[in-house]
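Inspection log for the structure reproduced underneath, given as C-alpha coordinates.
Residue numbers (the working numbering): 47 to 423.
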(Lines of atoms letter the chains of each structure in order from A and count residues from 1; the text may use other names and numbers.)
(Lines give C-alpha, C1' and ligand atoms only; values in the text may rest on other atoms or scores of the structure.)
Protein backbone atom coordinates (compact mmCIF):
# COMPACT_ATOMS: atom_id res chain seq x y z
CA UNK A 1 0.00 0.00 0.00
CA UNK A 2 0.96 3.61 -0.56
CA UNK A 3 -1.10 5.98 1.60
CA UNK A 4 -0.83 9.77 1.89
CA UNK A 5 -2.69 11.49 4.69
CA UNK A 6 -2.57 15.12 3.58
CA UNK A 7 -3.54 17.99 5.87
CA UNK A 8 -5.52 17.35 9.06
CA UNK A 9 -5.42 14.70 11.79
CA UNK A 10 -5.40 11.28 10.10
CA UNK A 11 -5.61 7.62 11.14
CA UNK A 12 -3.67 5.59 8.58
CA UNK A 13 -3.46 1.78 8.70
CA UNK A 14 -1.42 -0.28 6.26
CA UNK A 15 -1.73 -4.00 5.48
CA UNK A 16 -5.51 -4.13 6.02
CA UNK A 17 -8.36 -5.00 3.66
CA UNK A 18 -11.53 -2.96 3.24
CA UNK A 19 -13.10 -4.69 6.23
CA UNK A 20 -10.25 -3.77 8.58
CA UNK A 21 -8.77 -7.27 8.73
CA UNK A 22 -5.02 -7.84 8.24
CA UNK A 23 -4.03 -9.07 4.79
CA UNK A 24 -2.34 -12.50 4.76
CA UNK A 25 1.38 -11.89 4.98
CA UNK A 26 0.91 -8.10 5.15
CA UNK A 27 2.89 -6.26 2.51
CA UNK A 28 5.42 -3.47 2.55
CA UNK A 29 3.48 -0.25 3.13
CA UNK A 30 4.52 3.33 2.52
CA UNK A 31 2.50 5.81 4.58
CA UNK A 32 2.99 9.57 4.67
CA UNK A 33 1.09 11.48 7.33
CA UNK A 34 2.10 14.93 6.06
CA UNK A 35 0.40 17.74 8.04
CA UNK A 36 -1.61 17.26 11.23
CA UNK A 37 -1.39 14.97 14.25
CA UNK A 38 -1.49 11.51 12.67
CA UNK A 39 -1.90 7.96 13.99
CA UNK A 40 -0.02 5.64 11.63
CA UNK A 41 0.28 1.85 11.83
CA UNK A 42 2.20 -0.21 9.33
CA UNK A 43 1.17 -3.78 10.01
CA UNK A 44 3.56 -6.65 9.18
CA UNK A 45 6.05 -6.28 6.36
CA UNK A 46 8.92 -3.88 5.83
CA UNK A 47 7.06 -0.59 6.06
CA UNK A 48 8.05 3.03 5.49
CA UNK A 49 6.15 5.36 7.83
CA UNK A 50 6.56 9.14 7.83
CA UNK A 51 4.77 11.36 10.29
CA UNK A 52 5.45 14.69 8.61
CA UNK A 53 4.63 17.83 10.56
CA UNK A 54 2.49 17.68 13.69
CA UNK A 55 2.57 15.47 16.78
CA UNK A 56 2.36 11.97 15.31
CA UNK A 57 2.01 8.44 16.70
CA UNK A 58 3.77 5.74 14.65
CA UNK A 59 3.73 1.97 15.08
CA UNK A 60 5.46 -0.38 12.70
CA UNK A 61 4.65 -3.83 14.18
CA UNK A 62 6.66 -6.72 12.69
CA UNK A 63 9.18 -6.38 9.87
CA UNK A 64 12.20 -4.20 9.25
CA UNK A 65 10.47 -0.84 9.28
CA UNK A 66 11.71 2.65 8.51
CA UNK A 67 9.92 5.27 10.61
CA UNK A 68 10.44 9.03 10.66
CA UNK A 69 8.46 11.09 13.14
CA UNK A 70 9.22 14.32 11.30
CA UNK A 71 8.57 17.66 12.95
CA UNK A 72 6.65 18.03 16.19
CA UNK A 73 6.56 15.93 19.37
CA UNK A 74 6.30 12.41 17.99
CA UNK A 75 5.48 9.09 19.65
CA UNK A 76 6.81 5.68 18.59
CA UNK A 77 5.11 2.65 20.10
CA UNK A 78 5.96 -1.03 20.40
CA UNK A 79 3.14 -3.32 21.51
CA UNK A 80 3.44 -6.97 22.56
CA UNK A 81 -0.01 -7.61 24.02
CA UNK A 82 -0.80 -10.01 21.14
CA UNK A 83 2.11 -12.29 22.15
CA UNK A 84 2.06 -15.08 24.73
CA UNK A 85 5.12 -13.65 26.47
CA UNK A 86 7.03 -12.98 28.52
CA UNK A 87 9.13 -10.46 26.62
CA UNK A 88 12.29 -8.65 27.65
CA UNK A 89 12.65 -5.27 25.96
CA UNK A 90 15.63 -3.02 26.68
CA UNK A 91 15.28 0.44 25.15
CA UNK A 92 17.66 2.20 27.52
CA UNK A 93 20.05 3.25 24.73
CA UNK A 94 17.30 4.40 22.35
CA UNK A 95 17.57 8.13 21.60
CA UNK A 96 14.75 8.50 19.07
CA UNK A 97 17.09 8.08 16.11
CA UNK A 98 19.01 4.96 15.01
CA UNK A 99 18.49 1.21 14.78
CA UNK A 100 16.02 -0.51 17.10
CA UNK A 101 15.41 -4.19 17.79
CA UNK A 102 11.61 -4.32 17.63
CA UNK A 103 11.31 -7.40 19.86
CA UNK A 104 9.58 -9.34 17.06
CA UNK A 105 12.66 -10.38 15.07
CA UNK A 106 12.93 -7.19 13.05
CA UNK A 107 15.29 -4.23 13.11
CA UNK A 108 13.75 -0.81 12.61
CA UNK A 109 15.49 2.31 11.36
CA UNK A 110 13.94 5.30 13.09
CA UNK A 111 14.46 9.05 13.37
CA UNK A 112 12.96 12.15 14.98
CA UNK A 113 11.03 10.67 17.90
CA UNK A 114 10.63 12.27 21.33
CA UNK A 115 8.29 9.83 23.13
CA UNK A 116 8.52 6.02 23.44
CA UNK A 117 5.60 3.72 24.24
CA UNK A 118 5.81 0.08 25.35
CA UNK A 119 2.95 -2.32 26.09
CA UNK A 120 3.75 -5.71 27.56
CA UNK A 121 2.10 -9.13 27.52
CA UNK A 122 0.01 -10.88 30.16
CA UNK A 123 3.17 -12.63 31.41
CA UNK A 124 6.07 -11.40 33.56
CA UNK A 125 7.78 -8.92 31.25
CA UNK A 126 10.86 -6.74 31.56
CA UNK A 127 10.28 -3.35 29.94
CA UNK A 128 13.13 -0.86 30.20
CA UNK A 129 12.40 2.54 28.74
CA UNK A 130 14.70 5.02 27.05
CA UNK A 131 17.02 7.04 29.26
CA UNK A 132 16.86 9.94 26.79
CA UNK A 133 13.18 10.12 25.78
CA UNK A 134 9.92 10.38 27.65
CA UNK A 135 8.38 6.94 28.17
CA UNK A 136 4.86 5.61 28.46
CA UNK A 137 4.97 1.99 29.59
CA UNK A 138 2.12 -0.39 30.45
CA UNK A 139 3.21 -3.75 31.78
CA UNK A 140 -0.02 -5.66 31.34
CA UNK A 141 -0.74 -8.57 33.68
CA UNK A 142 2.10 -10.55 35.19
CA UNK A 143 4.86 -9.65 37.62
CA UNK A 144 6.61 -7.06 35.48
CA UNK A 145 9.85 -5.13 35.83
CA UNK A 146 9.44 -1.59 34.48
CA UNK A 147 11.94 1.26 34.41
CA UNK A 148 11.77 4.80 33.13
CA UNK A 149 14.59 7.17 32.26
CA UNK A 150 15.69 10.72 32.89
CA UNK A 151 12.55 12.42 31.53
CA UNK A 152 8.97 12.73 32.80
CA UNK A 153 7.59 9.20 32.34
CA UNK A 154 4.19 7.51 32.67
CA UNK A 155 4.70 4.01 34.07
CA UNK A 156 1.87 1.58 34.82
CA UNK A 157 2.19 -1.99 36.02
CA UNK A 158 -1.44 -3.09 35.59
CA UNK A 159 -2.07 -6.52 37.17
CA UNK A 160 0.57 -8.57 39.00
CA UNK A 161 3.23 -7.83 41.61
CA UNK A 162 5.29 -5.31 39.68
CA UNK A 163 8.62 -3.61 40.31
CA UNK A 164 8.60 -0.08 38.90
CA UNK A 165 11.47 2.41 38.97
CA UNK A 166 10.90 5.94 37.77
CA UNK A 167 14.46 7.20 37.46
CA UNK A 168 15.00 10.94 37.09
CA UNK A 169 12.21 13.26 36.02
CA UNK A 170 8.73 13.94 37.38
CA UNK A 171 7.05 10.59 36.83
CA UNK A 172 3.44 9.39 37.00
CA UNK A 173 3.36 5.81 38.31
CA UNK A 174 0.50 3.38 38.82
CA UNK A 175 1.03 -0.14 40.08
CA UNK A 176 -2.48 -1.43 39.44
CA UNK A 177 -3.63 -4.59 41.21
CA UNK A 178 -1.02 -6.59 43.09
CA UNK A 179 1.62 -5.92 45.72
CA UNK A 180 3.91 -3.56 43.84
CA UNK A 181 7.36 -2.22 44.69
CA UNK A 182 7.60 1.34 43.42
CA UNK A 183 10.56 3.73 43.54
CA UNK A 184 9.96 7.13 42.01
CA UNK A 185 13.64 8.03 41.98
CA UNK A 186 14.74 11.64 41.61
CA UNK A 187 12.23 14.33 40.69
CA UNK A 188 8.70 15.01 41.94
CA UNK A 189 6.88 11.73 41.39
CA UNK A 190 3.18 10.89 41.67
CA UNK A 191 1.54 7.59 42.60
CA UNK A 192 -1.76 7.18 40.75
CA UNK A 193 -4.57 5.06 42.22
CA UNK A 194 -7.36 6.67 40.20
CA UNK A 195 -8.13 3.32 38.55
CA UNK A 196 -8.65 1.41 41.80
CA UNK A 197 -12.10 -0.18 42.13
CA UNK A 198 -11.89 0.07 45.93
CA UNK A 199 -10.76 2.77 48.32
CA UNK A 200 -7.05 2.84 49.13
CA UNK A 201 -4.89 3.80 52.11
CA UNK A 202 -1.29 4.95 51.75
CA UNK A 203 1.33 6.40 54.05
CA UNK A 204 4.15 8.26 52.31
CA UNK A 205 6.14 8.44 55.55
CA UNK A 206 6.62 4.70 55.90
CA UNK A 207 5.92 3.87 52.25
CA UNK A 208 3.18 1.34 52.91
CA UNK A 209 -0.10 0.85 51.10
CA UNK A 210 -3.28 -0.99 52.03
CA UNK A 211 -6.67 -1.72 50.47
CA UNK A 212 -7.70 -1.65 46.84
CA UNK A 213 -4.89 -1.34 44.31
CA UNK A 214 -2.59 -0.17 47.13
CA UNK A 215 -2.77 -3.46 49.03
CA UNK A 216 0.78 -4.65 49.71
CA UNK A 217 2.43 -1.77 47.85
CA UNK A 218 5.82 -0.45 48.98
CA UNK A 219 6.51 3.14 47.99
CA UNK A 220 9.87 4.92 47.94
CA UNK A 221 10.64 8.47 46.77
CA UNK A 222 7.01 9.30 46.04
CA UNK A 223 6.04 12.92 46.65
CA UNK A 224 2.48 13.20 45.32
CA UNK A 225 -0.60 10.98 45.26
CA UNK A 226 -3.90 10.62 43.41
CA UNK A 227 -6.66 8.62 45.02
CA UNK A 228 -9.58 6.56 43.79
CA UNK A 229 -13.21 7.61 43.30
CA UNK A 230 -14.04 6.02 46.67
CA UNK A 231 -13.13 6.70 50.30
CA UNK A 232 -9.33 6.94 50.61
CA UNK A 233 -6.90 7.62 53.44
CA UNK A 234 -3.63 9.49 52.91
CA UNK A 235 -0.71 10.35 55.16
CA UNK A 236 1.91 12.55 53.52
CA UNK A 237 5.64 12.53 54.11
CA UNK A 238 7.71 15.10 55.99
CA UNK A 239 8.45 16.78 52.66
CA UNK A 240 6.14 18.79 50.43
CA UNK A 241 3.33 16.71 48.92
CA UNK A 242 0.40 17.26 46.61
CA UNK A 243 -2.43 14.90 47.50
CA UNK A 244 -5.56 14.63 45.36
CA UNK A 245 -8.20 12.51 47.04
CA UNK A 246 -10.46 12.20 44.01
CA UNK A 247 -14.13 11.48 44.61
CA UNK A 248 -15.31 9.82 47.81
CA UNK A 249 -15.11 10.75 51.49
CA UNK A 250 -11.36 11.04 51.94
CA UNK A 251 -9.14 11.51 54.99
CA UNK A 252 -6.00 13.51 54.17
CA UNK A 253 -3.03 14.22 56.43
CA UNK A 254 -0.35 16.25 54.69
CA UNK A 255 2.44 15.80 57.23
CA UNK A 256 5.43 18.15 57.21
CA UNK A 257 6.43 20.43 54.38
CA UNK A 258 4.39 22.85 52.29
CA UNK A 259 1.58 20.60 51.07
CA UNK A 260 -1.21 21.08 48.54
CA UNK A 261 -4.30 19.12 49.56
CA UNK A 262 -7.28 18.50 47.31
CA UNK A 263 -10.23 16.53 48.60
CA UNK A 264 -12.29 16.34 45.42
CA UNK A 265 -15.97 15.45 45.53
CA UNK A 266 -17.32 13.94 48.73
CA UNK A 267 -17.15 14.90 52.40
CA UNK A 268 -13.43 15.12 53.07
CA UNK A 269 -11.43 15.57 56.27
CA UNK A 270 -8.10 17.41 56.43
CA UNK A 271 -6.13 16.29 59.48
CA UNK A 272 -3.27 18.12 61.19
CA UNK A 273 -1.41 16.36 64.01
CA UNK A 274 0.99 19.14 65.07
CA UNK A 275 1.79 22.74 64.20
CA UNK A 276 4.64 21.39 62.04
CA UNK A 277 2.03 19.80 59.76
CA UNK A 278 1.00 23.26 58.53
CA UNK A 279 4.43 23.96 57.04
CA UNK A 280 6.52 27.01 57.89
CA UNK A 281 7.21 30.60 56.89
CA UNK A 282 9.05 29.18 53.88
CA UNK A 283 5.75 27.71 52.69
CA UNK A 284 2.43 27.01 54.41
CA UNK A 285 0.01 24.24 53.50
CA UNK A 286 -2.84 24.97 51.10
CA UNK A 287 -6.23 23.26 50.96
CA UNK A 288 -7.47 23.75 47.42
CA UNK A 289 -11.19 22.90 47.59
CA UNK A 290 -12.72 23.27 51.06
CA UNK A 291 -16.52 23.13 51.06
CA UNK A 292 -17.47 25.02 54.21
CA UNK A 293 -20.70 23.77 55.75
CA UNK A 294 -21.62 21.88 52.62
CA UNK A 295 -22.55 25.12 50.88
CA UNK A 296 -20.83 24.11 47.67
CA UNK A 297 -21.30 20.99 45.55
CA UNK A 298 -18.51 18.85 46.92
CA UNK A 299 -19.94 17.67 50.26
CA UNK A 300 -19.35 18.69 53.87
CA UNK A 301 -15.61 19.04 54.48
CA UNK A 302 -13.91 19.28 57.88
CA UNK A 303 -10.64 20.49 59.36
CA UNK A 304 -9.48 18.19 62.16
CA UNK A 305 -7.10 19.93 64.61
CA UNK A 306 -8.01 17.72 67.58
CA UNK A 307 -4.55 16.09 67.81
CA UNK A 308 -2.82 19.45 68.36
CA UNK A 309 -2.28 20.83 71.87
CA UNK A 310 -3.76 24.30 71.45
CA UNK A 311 -2.13 25.68 74.61
CA UNK A 312 1.60 25.08 75.00
CA UNK A 313 1.56 26.96 78.33
CA UNK A 314 -0.29 24.12 80.06
CA UNK A 315 2.09 21.17 80.17
CA UNK A 316 0.69 17.65 80.04
CA UNK A 317 -2.68 18.65 78.63
CA UNK A 318 -4.16 18.47 75.15
CA UNK A 319 -6.26 21.62 75.07
CA UNK A 320 -8.74 22.29 72.28
CA UNK A 321 -8.73 25.39 70.10
CA UNK A 322 -11.26 28.19 70.52
CA UNK A 323 -12.51 29.47 67.16
CA UNK A 324 -12.98 33.26 67.36
CA UNK A 325 -14.11 33.89 63.79
CA UNK A 326 -12.65 36.94 62.05
CA UNK A 327 -11.66 38.72 65.24
CA UNK A 328 -8.07 39.44 66.20
CA UNK A 329 -6.02 37.45 68.69
CA UNK A 330 -6.51 38.59 72.30
CA UNK A 331 -3.38 37.08 73.82
CA UNK A 332 -5.02 33.86 74.98
CA UNK A 333 -3.37 30.61 73.96
CA UNK A 334 -5.46 28.33 71.78
CA UNK A 335 -7.24 30.95 69.70
CA UNK A 336 -8.07 30.12 66.10
CA UNK A 337 -9.17 32.77 63.60
CA UNK A 338 -9.95 33.13 59.90
CA UNK A 339 -8.90 35.99 57.63
CA UNK A 340 -10.73 36.28 54.32
CA UNK A 341 -8.47 37.60 51.58
CA UNK A 342 -11.03 37.28 48.75
CA UNK A 343 -14.43 35.75 48.01
CA UNK A 344 -12.75 32.34 47.56
CA UNK A 345 -9.48 32.60 49.52
CA UNK A 346 -8.87 32.60 53.28
CA UNK A 347 -6.11 32.05 55.83
CA UNK A 348 -6.74 30.10 59.03
CA UNK A 349 -4.38 31.18 61.81
CA UNK A 350 -3.67 29.66 65.21
CA UNK A 351 -1.95 31.01 68.34
CA UNK A 352 -0.79 28.22 70.68
CA UNK A 353 1.34 30.22 73.12
CA UNK A 354 -0.83 33.27 73.73
CA UNK A 355 1.56 35.91 72.40
CA UNK A 356 -1.04 37.26 69.98
CA UNK A 357 0.97 36.16 66.95
CA UNK A 358 0.00 33.30 64.63
CA UNK A 359 2.11 30.18 65.17
CA UNK A 360 0.76 28.59 62.00
CA UNK A 361 -1.17 29.53 58.89
CA UNK A 362 -3.31 27.42 56.60
CA UNK A 363 -4.18 28.79 53.16
CA UNK A 364 -7.63 27.74 52.00
CA UNK A 365 -9.55 27.99 48.74
CA UNK A 366 -13.16 27.66 49.88
CA UNK A 367 -16.85 27.87 49.11
CA UNK A 368 -19.43 28.93 51.70
CA UNK A 369 -18.55 30.53 55.05
CA UNK A 370 -15.96 29.06 57.40
CA UNK A 371 -17.24 28.79 60.97
CA UNK A 372 -16.83 26.61 64.04
CA UNK A 373 -18.92 23.79 62.52
CA UNK A 374 -16.16 23.22 59.96
CA UNK A 375 -13.66 22.14 62.64
CA UNK A 376 -12.97 19.24 64.95
CA UNK A 377 -11.11 21.17 67.63
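C-beta: ideal position from N, C-alpha, C; glycine also.
Inter-residue distance for residue 224 and residue 277 is about 19 Å (C-alpha atoms, whole angstroms).
Within the stretch 141-199, the complete beta strand (DSSP E) segments at least 3 residues long are 144-147, 153-157, 161-165, 172-174, 180-184, 191-193, listed from N- to C-terminus. In the three-state DSSP reduction, residue 419 falls in the helix class (H, G or I). The C-beta distance from residue 170 to residue 132 rounds to 5 Å, short enough to fall under 8 Å. Residue state for residue 339 is assigned as helix, using DSSP reduced to three classes. Taking the CA atoms as reference points, residue 140 sits about 19 Å from residue 185. Burial is judged here by how many other beta carbons sit within 10 angstroms of a residue's own beta carbon; residue 401 has fewer than 16 and is exposed. In this structure, residue 345 places its C-beta atom within 8 Å of the C-beta atom of residue 313.
Linking residue 264 to residue 111 through their CA atoms gives a straight-line distance of about 40 Å. Spatial neighbours of residue 315 in its own chain (CB-CB distance under 6 Å, excluding positions within 5 residues in sequence) are listed in chain order as 297, 348, 350.
Between residue 128 and residue 102, the C-beta spacing is not below 8 Å.
For residue 408, the uninterrupted beta strand (DSSP E) segment begins and ends at 406-413.
A straight-line Cα-Cα distance of about 15 Å links residue 100 and residue 157.
DSSP places residue 389 in the coil class of the three-state scheme, outside both helix and strand. For residue 218, the uninterrupted beta strand (DSSP E) segment begins and ends at 218-220. In this structure residue 96 is buried. Its beta-carbon is surrounded by 16 or more other beta-carbon atoms within 10 angstroms. Counting of Cβ neighbours within 10 angstroms places residue 105 among the buried residues, the total reaching 16 or more. For residue 96, the pairing in a beta bridge is given by DSSP as 78, 114. Residue state for residue 279 is assigned as strand, using DSSP reduced to three classes. By the criterion of a C-beta distance shorter than 6 Å, residue 317 is surrounded in its chain by 299, 350, once the five residues flanking it on both sides are discounted.
Distances from the alpha-carbon of residue 253 to those of 243, 241, 270 put 270 closest. Contact between the stretch 414-421 and the stretch 369-377 is present: 3 or more CB-CB pairs across the two stretches fall below 8 Å. Annotated as distal: residue 241 and residue 255, with beta-carbon spacing of 8 Å or more. A straight-line Cα-Cα distance of about 59 Å links residue 361 and residue 166. Take the alpha-carbon of residue 90 and the one of residue 114: they are about 17 Å apart.
Distance from the CA of residue 180 to the CA of residue 196, rounded to the nearest whole angstrom, comes to 8 Å.
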